[in-house]
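The next block holds one structure in the form of structure tokens; read it before the comments.
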Ligand code: UD1
Ligand code: UDP
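In the working numbering, the protein residues as written are 436 to 794.
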């Protein structure tokens, strides 16, 4: 059996790694890793391939950045050319980025079956580009692997036959479980380098938060205020850095430590030891829940509601007074503690391999 995995953006790497590893152990499966090149900076791509122990991609389509239409179209054109020459039995796609939807569209037209890893998540907010990618991908996929039962409910409601849907758990947590001990080995050196006894960790990259200064400035002001009580470490996503430069935004507060995007191991260690996390990332909402670190999500909604109901996540939306208040609660020891989430146990990749290529 020949399986292609299509990845392109930072969070895809954490998701593909456990699936490739589990399929590799199954035997009889030949695999190829296709990188679309959606993310291309070394600290958004290459560092993850190395730290996660992924094989070098068999091909990099090098599509780079562009508008949604341009990026999606470039991926489609370059991937189609490749798939016409080499026809896999399955193409696996991950998460909700443009690479995911583009690959699904190409395969659907070439009648190559697609399996979607992290299917069924819904924010019910179609102003989010990711929600469009999720809807399209799930309609086109022949196999849908969900991380939590809300995903199954969403897919059933949309008329996806239950026989296509498999609740397997969270592949991103597989990677975390595997690499947390390795991340911890770096903690002593990292702590010394950081020089902070206690800190919060921030990531922000959603267009709805960072693209418009009218949205982004109040968030930064709130972060500066919270920083008076707890220093904040803020690895800047390239989109965020670029928007800050374009709009001449440069926070001067000594309590807000702006750094380059971090490798997976350092970011994981920092997240594990943080007093709180402030984010708009999908993956970070999940990881902080697993690690038991209180998380404040700067969004009006989440496609990962289980992180709120069972986990440590709280949505603050655009309400910066609420963000300050909730941060205060956490610092007073009243943050959410969270509970274990079913099937977020490090075995999701194996469950996927068992469906695709039973022993
Ligand atoms: C993409 C995904 C988003 C995901 C995020 C993970 C879509 C629609 N969005 O958002 O769901 O949460 O990745 O990080 O697929 N850039 C660089 N270097 C890079 C990559 C990007 O400088 O290696 C800059 C470019 O200026 C680019 C901008 O970041 O225009 C945005 O990149 P893009 O891939 O379009 O979207 P993200 O915001 O990264
Ligand atoms: N991450 C990282 N370095 C950083 C920021 C995030 O390694 O500087 C990791 C994080 O631990 C998680 C993933 O990147 O595994 C989340 O990706 P991102 O926030 O870019 O995308 P999203 O999950 O929102 O789609």
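Glycine residues also receive a C-beta, built at the ideal position from the N, C-alpha and C atoms.
Chain-order list of residues whose beta-carbon lies under 6 Å from that of residue i (same chain, five-residue window excluded)
{"i": "residue 571", "result": "536"}
{"i": "residue 494", "result": "469"}
{"i": "residue 636", "result": "668, 705, 706, 709 and 712"}
CB contact below 8 Å: residue i versus chain D
{"i": "residue 551", "result": "Checking the listed chains, one finds no chain D in this structure; it contains a single protein chain."}
Enclosing alpha helix (DSSP H) for residue i [first to last residue]
{"i": "residue 453", "result": "445-461"}
{"i": "residue 690", "result": "Unbroken run through residue 690: none, as it is neither H nor E."}
{"i": "residue 742", "result": "741-744"}
{"i": "residue 626", "result": "622-629"}
{"i": "residue 764", "result": "755-766"}
{"i": "residue 503", "result": "503-520"}
Unbroken beta strand (DSSP E) run spanning residue i, endpoints
{"i": "residue 550", "result": "549-552"}
{"i": "residue 748", "result": "748-750"}
{"i": "residue 635", "result": "635-638"}
{"i": "residue 724", "result": "No beta strand (DSSP E) contains residue 724, which is instead part of the alpha helix (DSSP H) from 717-726."}
Other residues of its chain near residue i: CB distance less than 8 Å, five sequence neighbours each side excluded
{"i": "residue 614", "result": "486, 487, 699, 700 and 703"}
{"i": "residue 719", "result": "638, 706, 712 and 730"}
{"i": "residue 682", "result": "648 and 651"}
{"i": "residue 543", "result": "549 and 575"}
7 Å CB neighbourhood of residue i in its chain, flanking five on each side removed
{"i": "residue 456", "result": "784"}
{"i": "residue 525", "result": "438, 548, 550 and 791"}
{"i": "residue 503", "result": "533 and 564"}
{"i": "residue 662", "result": "688, 690 and 691"}
{"i": "residue 611", "result": "703, 722 and 725"}
Any contact between the region 531-539 and the region 505-520? By contact I mean 3 or more CB pairs, one from each, below 8 Å.
yes
Take every Cβ of the region 661-670, pair it with every Cβ of the region 685-698, and state whether three or more of those distances are shorter than 8 Å.
yes
Does the region 448-457 come close enough to the region 481-490 to have 3 or more Cβ pairs within less than 8 Å?
yes
Starting from the N-terminal end, write out each residue whose C-beta falls within a distance shorter than 7 Å of any non-hydrogen atom of ligand 1.
444, 445, 446, 473, 474, 475, 476, 479, 480, 500, 503, 506, 531, 532, 533, 534, 564, 565, 568, 640, 642, 672, 673, 674, 677, 716 and 717
Closer than 8 Å is the cut-off here; do at least three beta carbon pairs connect the region 673-682 with the region 642-658?
yes
Could I get the ranges of all uninterrupted alpha helix (DSSP H) runs contained in the region 477-501, with 4 residues as the minimum, in chain order?
481-486
Pick out the complete alpha helix (DSSP H) segments inside the region 524-596, 4 residues or longer, and give them in chain order.
533-545, 564-575 and 584-592
Minimum length 4: unbroken alpha helix (DSSP H) runs contained in the region 640-714
642-645, 648-662, 673-681 and 699-708
State whether the region 600-610 contacts the region 569-585, with contact taken as three or more CB pairs (one from each stretch) at a distance under 8 Å.
yes
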